[in-house]
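Numbering (my numbering), first residue to last: 1 to 304.
Contents: one structure, followed by commentary.
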DNA sequence: AGAAGGACCTGCACGC
DNA sequence: TGCGTGCAGGTCCTTC
């Protein structure tokens, strides 16, 4: 289940492997349309683009693209004295000029892994995994593959300004802004943490773990928490996410190369998945309830 | 508008 | 062994 740390690790791994590469062609499975942007539009728009960088925004992997037009312009502007001929060849507009084919130039490819999505960078002769929904063929000969058994993942083109995601980044939001997110809200703090429009990147596991570390009962109404407790929650959340990113970064560096999951990082869970087991702090039994439709784990003594 | 709940989707663990 | 059932959860959509 990729949450922020996993997505960050994967984005970094993909970045190292395909930055600067060029998309030659794109293939999409016909097995139902699993994408936000139509597969036909993706297939038409992606080839010819160069990968400038890959990074994370919330739980999204963002592939910054440089269109063929951009690359030509760059090359021309770098070339010294321009003669009249090269100027004459210059295209006046950014968009593709092929008549009748209006393909917008994408600036970014947005990937959401959903629950089971994987991005793999492989050699072309590596057998295709089941549930492979997209393959980008790169100029280097390698392939970027999108595999997603449960098909909760999404691909989309972003042609507008830089993708910023739906909510605030938990790693950079200021404590006052963090506190403001929950003001007046009656829903449980756990449900609020999962709401990507408020804070993006936090999923079920890290919500439970950060609430435990902050000593806050997941059912507590978000708007009723004191500023001090919210400050503590933000600190716990950041500590958990940072620790996970560090561990993920070291233990899963091959993730995108290999056949996937092997050794995916797990933080030392203190409550998640530990129903009935003793709390690592006080020894009380960890309880599991369903909150916001999600299994929720907490220590009834440590979390108030 | 905010909140709650179901749908989507497949693999896996479990019980009979 | 094999089948049915329930569970996992990120996000979208509908309903209240």
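Note that beta-carbon positions come from the ideal geometry of N, C-alpha and C, so glycine has one too.
*What is the rounded straight-line gap between the Cα of residue 150 and the Cα of residue 226?*
40 Å
Here's the rule I'm using: 16 or more other beta-carbon atoms within 10 Å means buried, otherwise exposed. How should residue 93 be labelled?
Only weak support exists for where residue 93 lies, its pLDDT of 34 falling under 50; the value from the coordinates is given anyway. By the 10 Å Cβ count, residue 93 comes out exposed.
Q. From residue 287 to residue 13, what does the alpha carbon distance come to, in whole angstroms?
A. 36 Å
task: Compare the beta carbon distance of residue 135 and residue 17 with 7 Å and say whether it is the shorter of the two.
output: no
In terms of residue numbering, what span does the beta strand (DSSP E) encompassing residue 142 cover? Neither: residue 142 is in no beta strand (DSSP E) and is coded neither H nor E.
Here's a check: name, in chain order, each residue in its chain whose Cβ is nearer than 7 Å to the Cβ of residue 215, leaving out the five neighbours to either side.
302, 303 and 304
Margin query: Out of 236, 241 and 138, which one is the CA nearest neighbour of residue 27?
Written below: Here the closest residue by C-alpha is 138.
Practice task
Report buried or exposed for residue 62, applying the criterion of at least 16 other Cβ atoms within 10 angstroms of its Cβ.
Solution key: buried
Let's see if you can read the secondary structure: which residues bound the alpha helix (DSSP H) around residue 21?
It is not in any alpha helix (DSSP H) - residue 21 carries neither H nor E in the DSSP assignment.
Whose C-alpha, out of 52, 280, 59 and 222, is nearest the C-alpha of residue 154? Ranked by Cα distance from residue 154, the first of 52, 280, 59 and 222 is 59.
**Item:** residue 7 versus residue 56: straight-line alpha-carbon distance, rounded
**Value:** 7 Å
Quiz item: Count the other CB atoms within 10 Å of the CB of residue 190; is the residue buried (16 or more) or exposed (fewer)?
Solution: buried
Fill in: Nearest neighbour of residue 292, chosen from 124, 197 and 204 [CA to CA]
Among 124, 197 and 204, the Cα nearest to that of residue 292 is on 204.
What number of angstroms, rounded off, separates the C-alpha of residue 162 from the C-alpha of residue 108? 8 Å
**Prompt:** Thinking just about the alpha-carbon of each residue, which of 133, 246, 181 and 195 is nearest to the one in residue 268?
**Reply:** 246
C-alpha distance - residue 262 paired with residue 19, whole-angstrom precision: Only weak support exists for where residue 262 lies, its pLDDT of 45 falling under 50; the coordinates are left without a value.
State yes or no: is the C-beta of residue 156 within less than 7 Å of the C-beta of residue 37?
-> yes
Self-check item: When 199, 119 and 29 are compared against residue 305, the one with the closest alpha-carbon
Solution: Residue 305 lies beyond the residue range present for the chain, which begins at 1 and ends at 304; the question has no answer from this structure.
Out of 23, 45, 235 and 187, point me to the one whose CA is closest to residue 159's CA. Out of 23, 45, 235 and 187, 45 has the C-alpha closest to the C-alpha of residue 159.
Next on the checklist: Whole angstroms are fine: how far does the CA of residue 298 sit from the CA of residue 66?
Outcome noted: 46 Å
Does the beta-carbon distance from residue 181 to residue 198 come in below 7 Å? yes
**Asked** Ordered along the chain, which non-local residues of its own chain (more than five positions away) have a Cβ less than 8 Å from that of residue 221?
**Response** 185, 186, 187, 188 and 189
Exercise for the section: Please determine, among 54, 2 and 111, the residue with the shortest C-alpha to C-alpha distance to residue 42. Expected result: Of the listed residues, the one whose Cα sits closest to residue 42 is 111.
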